[in-house]
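From first to last, the protein sequence lines stand for chains P and Z. Mapped onto this note's numbering, the consecutive letters of the first sequence carry residue numbers 10 to 472. Mapped onto this note's numbering, the consecutive letters of the second sequence carry residue numbers 10 to 472. Let me begin by presenting the structure, written as structure tokens, before commenting on it.
There are 2 protein chains.
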Amino acid sequence: MFSKETYVQRRKQLMKDVKQGLVLIVGNSDVAFNYQANQYSFRQDSTFRYFFGYDIQGLVGVIDTESGEEYLFGEEVDMDDIIWTGPIPSLSERAEEIGVANSGTIKDLRNLMDKAVFSGRKVHYVPPYRAENVEFIADILHLDPKYIQAYVSVELINACVKQRSVKSAEEIIEIEKALETAYRMHTTMMHMAAKEGTFEYEIAGTMEGIALAGGGPVSFPIILTTHGEILHGHDHSLQIKKGRMIVSDAGCENPMGYCSDITRSVPVGGKFDARQRSVYQAVLDAQLLVPTLCKPNVKYSEIHLAAVEKLGEGLKALGLMKGDIKQAVKEGAMGLFMPHGLGHMMGLDVHDMENYGENYVGYDKKNVRSDQFGLASLRLGRELQEGFVITDEPGCYFIPALIDKWKSEKRCEEFINYNEVEKFKDFGGIRIEDDVLITKDSCRILGRPIPKTVSEIEDEMCK
Amino acid sequence: MFSKETYVQRRKQLMKDVKQGLVLIVGNSDVAFNYQANQYSFRQDSTFRYFFGYDIQGLVGVIDTESGEEYLFGEEVDMDDIIWTGPIPSLSERAEEIGVANSGTIKDLRNLMDKAVFSGRKVHYVPPYRAENVEFIADILHLDPKYIQAYVSVELINACVKQRSVKSAEEIIEIEKALETAYRMHTTMMHMAAKEGTFEYEIAGTMEGIALAGGGPVSFPIILTTHGEILHGHDHSLQIKKGRMIVSDAGCENPMGYCSDITRSVPVGGKFDARQRSVYQAVLDAQLLVPTLCKPNVKYSEIHLAAVEKLGEGLKALGLMKGDIKQAVKEGAMGLFMPHGLGHMMGLDVHDMENYGENYVGYDKKNVRSDQFGLASLRLGRELQEGFVITDEPGCYFIPALIDKWKSEKRCEEFINYNEVEKFKDFGGIRIEDDVLITKDSCRILGRPIPKTVSEIEDEMCK
């Protein structure tokens with residue numbers, strides 16, 4: 010955990026920003042895997058962890074923004090528990106450790122909430138995303154679980170986003186620790202991908218083992234596929250074959266809960282063929298452009314468009330696109346090749362704070378999300394600020410079903426050479442991703458550099 | 010998946026055993042990790058997988074035991090989905106693949122259930138263990154989710170237990186595959202434990218990586234601890250130090266979903282000291298006795314008592330116990346050292362079918378669970394049958410809080426040398442576990458032998 014002062018300060022700021030009512034922050038509980046007593050490994054709720062620190066099941070934090078009182082609730086362990094669990098601190102000791110003055114049982118929490126609800130005070134909560142917590146909040150606040158999302162607090166969401174968007178120096182240190190583990194995950198992937206015939210799950214499993222041996226889970230289910238054009242896929246069942254690119258999108262959480270999120274795309278066998286090299290270079294050029302543009306007060310939606318334009322120029326040089334690329338970007342033609350956004354916030358969540366709602370995190374009143382295919386998938390569109398940690402992850406995919414659809418609709422045919430694109434239907438996809446910290450007047454790519462150029466990758470794979 | 014015939018036969022047998030009404034078998038869905046779109050790796054419900062085969066989210070199976078009609082329900086994928094997921098089979102193709110004649114959407118399922126419920130037909134379901142499935146079943150059967158456990162079908166539970174308890178030859182093959190991975194997990198643990206200073210999570214994470222690279226998750230959160238006396242602990246935060254035993258209780262699921270569950274206890278550094286060796290040998294003698302007693306028609310509760318008696322004799326030789334050990338066992342004195350049961354069923358779940366309720370699986374009308382401390386924790390008490398796969402896992406622990414409690418109560422003081430036991434409060438614990446198949450007239454320890462004797466372990470660790 011960070012120091013007591015860190016958590017005290019975070020909650021003090023939250024009180025100031027929310028201004029009135031009570032803030033209810035419900036930590037996570039265990040989730041059953043295949044029966045009640047066999048559980049998935051525990052994952053704490055990020056909001057709870059940010060303000061109350063503990064990576065422990067069954068805790069609830071409450072902040073009275075008017076009186077300034079703070080509470081930590083949970084179930085006390087009794088003597089019998091200690092026989093099975095060994096000695097553990099009491100709830101009041103835990104509260105003290107994070108500078109919280111009051112502690113109590115879940116029954117005490119019910120009493121406190123009843124007093125608030127029945128006296129008409131507002132109780133703020135952020136959107137729950139687990140069925141258990143939906144039920145718990147509904148029960149405790151006397152709401153219908155079906156409509157729990159209707160009563161979430163936009164004030165609380167905005168206050169959390171404001172604070173969590175800007176990473177402190179101590180948070181950056183933790184993110185870079187997670188990136189050090191990601192370095193080992195991806196270089197190991199490169200070594201394993203040099204050998205044809207390995208199964209995707211052998212590589213993905215080994216990478217996840219490296220994450221776990223580093224003290225945290227993967228920050229999301231690893232994408233490791235020779236079919237990178239399948240964007241919503243976590244299948245790892247195939248044997249890797251020469252001629253295919255592997256898209257490896259993987260990161261971990263470090264023991265403090267901070268994430269890394271890296272993508273590398275490498276040729277099975279260790280050598281790019283000419284076609285792979287040319288598409289790879291087009292994506293890499295776009296990816297490398299981004300850090301030259303990142304700085305405070307620039308909208309990430311504009312950097313997205315610049316990166317996509319750069320990719321378009323590369324694809325034009327390959328004969329896949331034609332005409333005025335600026336215009337092609339404007340008309341959404343690049344959505345065929347890159348139907349996703351350039352990046353997102355990262356922190357305690359790999360898509361940071363996504364449980365609050367993407368638009369609260371990535372957009373604001375001045376910057377509204379586009380509805381154009383491709384750009385609509387951009388999670389972060391608003392102006393960058395010092396302390397933001399974001400991902401830079403352009404990609405290029407040849408998705409047979411999407412190519413067929415667009416071609417039959419003659420969509421953007423003044424910009425897309427469908428005859429050439431047809432020849433790439435067996436290509437797969439490429440994505441390249443790094444994590445970037447916005448600094449006072451520019452940015453810094455976080456973590457130890459992971460091989461990224463064609464020659465760096467070929468060298469690493471043939472080690 | 011197994012052949013179509015396997016699933017057809019299993020469902021046919023189920024129809025016969027349940028006799029009347031409809032059987033509703035709800036597969037699992039994804040569970041949110043830290044926000045809706047970021048999910049834990051999918052774990053299918055074992056009952057669904059046993060009867061309907063698929064390891065895929067959001068499916069529901071229905072069997073009309075009277076008409077013989079069978080159904081597979083789910084959401085159809087549309088063209089837009091295929092852009093993101095690649096080509097996938099239709100629901101009716103999936104149904105056909107497992108010999109199910111009918112398929113439909115979740116809306117169709119609702120109509121079918123409404124017809125059944127409103128015409129007074131019984132709809133059988135087994136106890137759900139995930140909040141999402143509690144809600145789903147409650148919604149679809151018009152029940153109050155609070156009382157969903159009250160209406161579970163004992164007929165269906167008994168029919169499932171009857172069939173799933175006896176493993177077929179093809180199931181044993183899968184379990185042995187999971188044991189081959191467990192071999193690699195535990196021998197790797199032994200190599201890593203030879204070096205002092207490693208963190209427990211580094212070893213546990215590496216073991217889990219081996220499971221994942223073998224194509225399946227761990228079958229339960231790995232227990233890997235130098236404090237084996239903490240029975241309910243999944244903490245991996247300590248650095249391993251000479252003088253401590255590591256208890257490593259870990260297994261995996263193979264790609265077909267079948268489990269392994271192995272425990273080895275090894276001395277940090279690779280050499281047992283005299284005290285460790287003597288306690289280890291006492292546990293091993295008990296563990297080795299079990300396969301000599303296992304055969305059809307013997308109650309596992311009796312084998313538990315025989316193993317515990319063997320352990321007691323060993324502890325008497327060490328001066329930790331005294332008096333008539335048979336009598337000590339009868340009076341429950343062994344609960345101080347081994348407060349858990351000798352073993353449990355294993356199959357598609359590591360504690361097989363535990364979601365149905367432990368007593369339905371491990372006990373029956375003739376064999377009722379004991380309430381004596383220690384024996385009460387035995388999950389499997391009834392008569393063994395050919396085809397059962399069970400675990401053989403005695404252990405010996407020195408639990409300071411439990412020793413203090415019993416000593417202060419003067420509990421079983423005619424059998425326990427508390428003065429000697431006091432000296433072992435810094436010892437920790439030892440457990441040794443293998444998976445055993447009951448054969449026609451004896452049993453077979455499954456899988457490749459994993460180093461288990463003192464000299465085998467020392468040899469493996471010093472490799």
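Ideal Cβ positions, reconstructed from N, Cα and C, are used throughout, including at glycine.
Taking a cut-off of 8 Å on C-beta distances, the stretch 168-183 of chain Z does not touch the stretch 207-223 of chain Z, as fewer than three cross pairs fall below it. Contact of arginine 139 of chain P with chain Z by beta-carbon distance below 8 Å involves Val40, Ala41, Ala140. The beta carbon of lysine 251 of chain P sits closer than 6 Å to those of Glu205, Val277, Gly278, all from its chain and outside the five residues before and after it, given in chain order. In this chain, the alpha helix (DSSP H) harbouring arginine 103 of chain Z covers 100-106. In the DSSP assignment, asparagine 428 of chain P falls within the unbroken alpha helix (DSSP H) covering 427-431.
For the C-beta of leucine 81 of chain P, not a single chain Z residue is nearer than 7 Å; the gap to the nearest is close to 21 Å.
For serine 257 of chain Z, the nearest beta carbon of chain P is not closer than 7 Å to its own beta carbon. With respect to chain Z, the C-beta atom of serine 128 of chain P has no partner C-beta closer than 7 Å.
The way I'd put it, the stretch 239-255 of chain P does touch the stretch 84-95 of chain Z; three or more beta-carbon pairs between them come closer than 8 Å. In this structure, the alpha-carbon of lysine 116 of chain P lies about 22 Å from that of glutamate 106 of chain P. Taking CB atoms only, asparagine 364 of chain P has a neighbour in chain Z less than 7 Å away.
The beta carbon of serine 386 of chain P lies closer than 6 Å to those of His349, Gly350 in the same chain, with the five residues before and after it left out. Apart from the 5 residues on each side of it in sequence, asparagine 167 of chain Z sits with its Cβ closer than 8 Å to the Cβ of Asp26, Tyr369 in its chain, given in chain order. With a threshold of 16 other beta carbon atoms within 10 Å, phenylalanine 127 of chain Z falls short and is exposed. Look at tyrosine 406 of chain Z: its C-beta is not under 7 Å from any C-beta on chain P.
Secondary structure note for leucine 31 of chain P: it is in no alpha helix (DSSP H), and the uninterrupted beta strand (DSSP E) holding it is 31-35. Straight through space, the alpha carbons of leucine 327 of chain Z and lysine 419 of chain Z are spaced by roughly 21 Å. DSSP, reduced to helix, strand and coil, places proline 276 of chain P within a strand of the structure shown. According to the DSSP secondary-structure assignment, glycine 438 of chain P is paired through a beta bridge with P:Tyr406. Here the alpha carbon of asparagine 364 of chain P sits roughly 12 Å from the alpha carbon of glycine 371 of chain P. Taking the C-beta atoms as reference points, methionine 265 of chain Z is found nearer than 7 Å to glutamate 183 of chain Z. Straight-line measurement puts the Cα of glycine 456 of chain P at about 40 Å from the Cα of glutamate 144 of chain P.
Counting along the chain, phenylalanine 61 of chain Z sits inside the alpha helix (DSSP H) bounded by residues 55-61. With 16 or more neighbouring CB atoms inside 10 Å of its own CB, isoleucine 146 of chain P falls in the buried class.
Of Z:Leu165, Z:Arg173, Z:Val170, Z:Tyr134, the smallest CA-CA separation from isoleucine 157 of chain Z is found for Z:Tyr134. When rounded, the separation of the alpha-carbon atoms in isoleucine 249 of chain P and threonine 235 of chain P is 7 Å. For the pair threonine 448 of chain Z and proline 305 of chain Z, the Cα-to-Cα distance works out to about 7 Å. At least one CB of chain P lies nearer than 7 Å to the CB of alanine 222 of chain Z. Taking 9 Å as the cut-off between beta carbons, the residues of the stretch 407-418 of chain Z near chain P are Ile408, Pro409, Ala410, Leu411, Lys414, in sequence order. Using a Cβ-Cβ cut-off of 7 Å, arginine 103 of chain Z does not count as an interface residue toward chain P, since no Cβ of chain P sits closer than that to its own. In this structure, the CA atom of arginine 388 of chain Z is about 15 Å from the CA atom of glycine 344 of chain Z.
Chain P places a beta carbon closer than 7 Å to that of aspartate 358 of chain Z, counting this residue as a contact. For the stretch 46-61 of chain Z, the beta-carbon criterion of a distance under 9 Å to any beta-carbon of chain P is satisfied by Ala46, Asn47, Gln48, Tyr49, Ser50, Phe51, Arg52, Gln53, Asp54, Ser55. Taking all protein chains in view, the Cβ of alanine 140 of chain Z is crowded by 16 or more other Cβ atoms within 10 Å, so the residue is classified as buried. In terms of CA proximity to serine 50 of chain P, P:Val227 leads the group P:Lys155, P:Val175, P:Val227, P:Val170. Relative to valine 338 of chain P, the option among P:Leu357, P:Cys421, P:Met354, P:Ala203 whose CA is nearest is P:Cys421.
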